[in-house]
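What follows is one structure encoded as structure tokens, with my remarks underneath.
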Amino acid sequence: MLRHIQDTIQQLQAYRPELTKMPDHDAFWSQTLQEAKERPLNEQLIEMDYPIKQITAYELTYHGFDDTPIQAYYILPKNIEGKLPCLIFFHGYAGHKNSVSHYMKWLIQGYAVIAVDVRGQGKTGDYSKYSSDEMGTWVTKGILNKEEYYYRKVYVDGVRAIDFACSREEIDNDRIAIIGASMGGGIALAVSSLDNRPKLTVADVPNMCDVGLAMKQKFEGSLTVVEKYLHRHPEYIEQVYMTLTYFDNLNNCENITSKTRISVGLKDLVCPPMPIYGVYNRIKAEKSIEVFPFSGHDMAIIDHMDKTIQFVNDNL
Numbered sequence: 003m004l005r006h007i008q009d010t011i012q013q014l015q016a017y018r019p020e021l022t023k024m025p026d027h028d029a030f031w032s033q034t035l036q037e038a039k040e041r042p043l044n045e046q047l048i049e050m051d052y053p054i055k056q057i058t059a060y061e062l063t064y065h066g067f068d069d070t071p072i073q074a075y076y077i078l079p080k081n082i083e084g085k086l087p088c089l090i091f092f093h094g095y096a097g098h099k100n101s102v103s104h105y106m107k108w109l110i111q112g113y114a115v116i117a118v119d120v121r122g123q124g125k126t127g128d129y130s131k132y133s134s135d136e137m138g139t140w141v142t143k144g145i146l147n148k149e150e151y152y153y154r155k156v157y158v159d160g161v162r163a164i165d166f167a168c169s170r171e172e173i174d175n176d177r178i179a180i181i182g183a184s185m186g187g188g189i190a191l192a193v194s195s196l197d198n199r200p201k202l203t204v205a206d207v208p209n210m211c212d213v214g215l216a217m218k219q220k221f222e223g224s225l226t227v228v229e230k231y232l233h234r235h236p237e238y239i240e241q242v243y244m245t246l247t248y249f250d251n252l253n254n255c256e257n258i259t260s261k262t263r264i265s266v267g268l269k270d271l272v273c274p275p276m277p278i279y280g281v282y283n284r285i286k287a288e289k290s291i292e293v294f295p296f297s298g299h300d301m302a303i304i305d306h307m308d309k310t311i312q313f314v315n316d317n318l
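With positions in the sequence shown counted from 1, the corresponding number in our numbering is that position plus 2.
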């Protein structure tokens with residue numbers, strides 16, 4: 003009875019797509035990261051009067067790619083002994099960083115937490131100007147120009163969260179993990195491919211993987227807006243696909259050095275399994291993948307969360 007599932011997984015394991023990198027891909031990201039390093043972080047911490055007494059919680063603001071103030075939580079266990087491992091979290095598309103209490107399962111174990119509101123979402127604004135922005139959502143903002151594109155800023159904002167963590171004397175810089183699901187999972191992979199400081203990456207059902215195939219196979223989610231944009235503007239198809247190559251995790255994932263765990267749902271209509279496997283199969287770092295044959299775009303599975311806690315504890 004399991005044969006059909008096993009056959010599907012074997013097909014996914016064998017899928018190894020060709021890269022779609024433009025000739026200037028690496029130079030583009032090198033220049034982007036250099037520009038970010040030259041800007042001050044301008045971090046600010048405001049302690050919160052939070053009712054859980056065993057923690058100290060701060061509202062954190064730091065400057066992202068273009069001096070946009072990125073809003074986040076910075077949360078610490080109350081009694082710090084030595085340097086702490088740090089978990090940096092990114093949420094899903096059109097989401098937010100949730101409540102401070104959402105992270106208690108990590109804080110009670112002695113982890114520090116940075117939980118980021120991605121630009122334009124949650125409490126974070128967006129100072130960027132976009133010459134193409136007609137669909138009313140983030141995935142198409144600036145999509146005709148790689149220099150302007152929304153995800154360029156988002157990925158750098160994520161790297162800047164690591165900059166903040168490494169600036170804190172209470173954080174162990176050798177024990178940083180990047181964690182996210184859906185868009186947050188895509189950001190986690192992207193940040194870990196652009197920065198070798200994370201030791202661990204956890205990416206559940208990540209987006210922005212093998213984007214050309216994902217555009218073909220998905221039925222729901224943010225990439226449907228890209229399709230609607232191209233329905234209006236077929237003259238931009240080649241230009242849009244070219245822009246997306248710079249932000250496709252397929253073209254950066256071989257740079258990941260952290261131990262990486264990915265999850266995939268074989269019934270996912272938002273981030274289909276084959277594009278995710280396309281990225282996973284090209285990661286050269288130590289890696290593992292959790293496969294859920296009857297799950298869609300949802301990893302709110304008790305067993306999966308328990309395994310995630312164990313994975314982080316074992317490897318960080």
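Here a beta-carbon is modelled for each residue, glycine too, at the ideal position from N, C-alpha and C.
Can you tell me the Cα-Cα spacing of residue 41 and residue 205, whole angstroms?
Looking at the two C-alpha atoms, the distance is approximately 28 Å.
Taking the alpha-carbon of residue 11 as reference, which of 298, 268, 161, 48 has the nearest alpha-carbon?
With respect to the C-alpha of residue 11, the residue from 298, 268, 161, 48 having the closest C-alpha is 268.
Let me check understanding here. Comparing Cα to Cα, which of 155, 69, 61, 253 lies closest to residue 125?
Between residue 125 and the set 155, 69, 61, 253, the nearest pair of CA atoms involves 61.
Compare the Cα-Cα distances from residue 276 to each of 159, 13, 65 and report the closest residue.
Residue nearest to residue 276 within the set 159, 13, 65 is 13 (criterion: CA-CA distance).
Could you tell me how far apart the beta carbons of residue 89 and residue 108 are, in whole angstroms, since I believe they sit closer than 8 Å?
Contact between residue 89 and residue 108 holds, with the beta-carbon distance rounding to 6 Å and staying under 8 Å.
Identify every residue that forms a DSSP beta bridge with residue 61.
Paired residues: 48, 75.
My assumption, with CB atoms under 8 Å, is that residue 167 sits in contact with residue 181. Please give the rounded CB distance.
Between residue 167 and residue 181, the beta carbon gap of about 13 Å keeps them out of contact (Cβ cut-off 8 Å).
On the DSSP bridge list, what partners appear for residue 116?
For residue 116, DSSP records a beta bridge to 76, 90.
Inter-residue Cα distance where the pair is residue 56 and residue 80:
Spanning the two alpha carbons is a distance of roughly 5 Å.
Within 8 Å, do at least three Cβ pairs link the segment 202 to 219 to the segment 277 to 284?
With the rule of 3 Cβ pairs closer than 8 Å, the segment 277 to 284 counts as touching the segment 202 to 219.
Could you work out which residue in 264, 224, 21 is closest to residue 244 when comparing CA atoms only?
Residue 244 has its Cα closest to that of 21, out of 264, 224, 21.
Best match in 74, 132, 290, 140 for proximity to residue 228 [C-alpha to C-alpha]
The residue among 74, 132, 290, 140 with its C-alpha nearest the C-alpha of residue 228 is 140.
Hey, how far is the Cα of residue 183 from the Cα of residue 94?
Each residue's alpha carbon lies about 6 Å from the other.
Across which residues does DSSP place residue 263 in a beta bridge pair?
In the DSSP output, where bridge partners are listed per residue, residue 263 has 204, 290.
Limits of the beta strand (DSSP E) - the one that residue 182 falls within:
173 to 183 is the extent of the beta strand (DSSP E) around residue 182.
If I'm right that residue 112 touches residue 86 with Cβ under 8 Å, what's the distance once you round it to whole angstroms?
About 6 Å separates the beta carbon of residue 112 from that of residue 86, a gap short enough to meet the 8 Å contact definition.
Roughly how many whole angstroms lie between the Cα atoms of residue 176 and residue 146?
The C-alpha of residue 176 lies about 38 Å from the C-alpha of residue 146.
Length of the line joining the Cα atoms of residue 100 and residue 73
Spanning the two alpha carbons is a distance of roughly 12 Å.
Buried versus exposed call for residue 302 [16 or more other C-beta atoms within 10 Å across all chains shown]:
Looking at its Cβ environment, which holds fewer than 16 other Cβ atoms inside 10 Å, residue 302 is exposed.
Okay, do the segment 193 to 201 and the segment 221 to 239 touch, 3+ Cβ pairs below 8 Å being the bar?
Three or more beta-carbon pairs separated by less than 8 Å are not found between the segment 193 to 201 and the segment 221 to 239, which leaves the two stretches without contact.
Near residue 59, what residues of its chain come up, given a Cβ to Cβ distance below 7 Å and the 5 sequence neighbours on each side ignored?
So the list reads 50, 52, 75, 77, 102, once near-sequence residues are dropped.
In chain order, what residues of the same chain lie with their CB nearer than 6 Å to the CB of residue 164, ignoring the 5 residues before and after it?
Excluding residues up to 5 positions away in sequence, 197, 199 lie with their Cβ nearer than 6 Å to the Cβ of residue 164 in the same chain.
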